[in-house]
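In full-length UniProt numbering, the protein residues as written are 1 to 325. Where a beta carbon is used, it is the ideal one built from N, C-alpha and C, also for glycine.
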């Protein structure tokens, strides 16, 4: 905390940072089966406190006013403060900002899971959880300085297995997972692929020849998403690694997000994943896994989902006249 900062700002910052560290602590405990739920609740508190501290610093009144009045609403004698979603909207201004979209996802999830026990969703939102904490630290450091980084004293947990145990899905978890999938599908491809919305990484062994080249077990490389040359360099590296593999299952097949990305690449048409859902329904390419039009679509039994072909991309471009875009 910066010396001389107002007491209220200090209190809110301390609450924000402590809540975030507790969230990470809960998430990283190997025997905790309440990972996502505990993490989400505490990180919502952390984000709310951080944004309130910023508004305090800016002398912004972050309280609800009574209708047609300059007076503030009260709860138990205290001014009713903005909740997280309202705070995020006021802070980011742009409702298409990837961090804002990430916050809204977890704000909605918190309301749905706060009184439920749903360990089944843990493996489904790993990327978004990672972005949730990294976005928090990014704003924290940008607003208050490098001394507030959370990294000091925080470590990456040891990975104890190569896979994650699949838990049976309950009716409640299916509803939550459906909400998550629908939320992702409502977003543009650019937001879904943004590291600020869902942080995705490749983990590869560090095979340095000298001790000092591999002192750190894990090194994070900062990539500028707005620099196409840098993105191409890392994509080419990943492709080179992938090309060394053999017997690749489903090679050349596309997930829905890849289909819309291919369409954008070929035509410039910006489509969302829910549009793709409308298209396979419209052209009846997958009424069930037993009646897929295999020219355009296949059912992937091990992963329990559908994959699509390059011919499907070409078909959509032709039938929907996307070349004219």
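Using only the alpha-carbon positions, how far apart do residue i and residue j sit?
i: residue 196; j: residue 14; result: 24 Å
i: residue 294; j: residue 308; result: 9 Å
i: residue 264; j: residue 271; result: 7 Å
i: residue 65; j: residue 173; result: 37 Å
i: residue 60; j: residue 144; result: 16 Å
i: residue 282; j: residue 313; result: 15 Å
i: residue 67; j: residue 73; result: 9 Å
i: residue 20; j: residue 253; result: 39 Å
i: residue 38; j: residue 288; result: 37 Å
i: residue 323; j: residue 317; result: 6 Å
i: residue 286; j: residue 28; result: 40 Å
i: residue 56; j: residue 148; result: 17 Å
i: residue 269; j: residue 198; result: 23 Å
i: residue 300; j: residue 306; result: 6 Å
i: residue 120; j: residue 297; result: 28 Å
i: residue 171; j: residue 267; result: 40 Å
i: residue 18; j: residue 321; result: 54 Å
i: residue 10; j: residue 34; result: 30 Å
i: residue 338; j: residue 319; result: No information on residue 338 is available, as it lies outside the stretch 1 to 325 that the chain covers here.
i: residue 30; j: residue 16; result: 24 Å
i: residue 32; j: residue 40; result: 14 Å
i: residue 44; j: residue 315; result: 44 Å
i: residue 229; j: residue 291; result: 43 Å
i: residue 304; j: residue 109; result: 24 Å
i: residue 126; j: residue 302; result: 20 Å
i: residue 87; j: residue 93; result: 10 Å
i: residue 284; j: residue 85; result: 38 Å
i: residue 79; j: residue 131; result: 31 Å
i: residue 255; j: residue 194; result: 17 Å
i: residue 6; j: residue 103; result: 27 Å
i: residue 310; j: residue 58; result: 52 Å
i: residue 280; j: residue 182; result: 16 Å
Which whole-angstrom value is the C-beta distance of residue i and residue j, which I expect to be below 8 Å?
i: residue 129; j: residue 36; result: 7 Å
i: residue 46; j: residue 63; result: Contact doesn't hold; Cβ gap of about 20 Å is too wide.
So, using beta-carbon positions, are residue i and residue j closer together than 8 Å?
i: residue 12; j: residue 52; result: yes
i: residue 95; j: residue 89; result: yes
i: residue 124; j: residue 191; result: no
i: residue 26; j: residue 42; result: yes
i: residue 133; j: residue 91; result: no
i: residue 274; j: residue 186; result: yes
i: residue 150; j: residue 142; result: no
i: residue 99; j: residue 77; result: no
i: residue 176; j: residue 101; result: no
i: residue 260; j: residue 189; result: yes
By the DSSP assignment, the alpha helix (DSSP H) with residue i in it spans what residues?
i: residue 183; result: 171-185
i: residue 278; result: 273-282
i: residue 318; result: 310-319
i: residue 130; result: 126-144
i: residue 25; result: 7-28
i: residue 198; result: Per DSSP, residue 198 belongs to no alpha helix (DSSP H) and is neither H nor E.
i: residue 73; result: No alpha helix (DSSP H) holds residue 73; DSSP gives it neither H nor E.
i: residue 85; result: 84-92
i: residue 110; result: 98-113
i: residue 287; result: Where residue 287 is concerned, there is no enclosing alpha helix (DSSP H), given that its DSSP letter is neither H nor E.
i: residue 191; result: 189-192
i: residue 44; result: 35-58
So with Cβ pairs under 8 Å, would you call residue i a contact of chain D?
i: residue 194; result: Among the chains in the structure shown there is no chain D, since it carries only a single protein chain.
Count the other CB atoms, across all protein chains shown, that sit within 10 Å of the CB of residue i; report buried if there are 16 or more and exposed otherwise.
i: residue 201; result: exposed
i: residue 69; result: exposed
i: residue 276; result: buried
i: residue 8; result: exposed
i: residue 97; result: buried
i: residue 71; result: exposed
i: residue 178; result: exposed
i: residue 48; result: buried
i: residue 146; result: exposed
i: residue 75; result: exposed
i: residue 278; result: exposed
In terms of residues, what are the limits of the beta strand (DSSP E) holding residue i?
i: residue 253; result: Premise fails: residue 253 is in no beta strand (DSSP E) and is neither H nor E.
i: residue 300; result: 297-300
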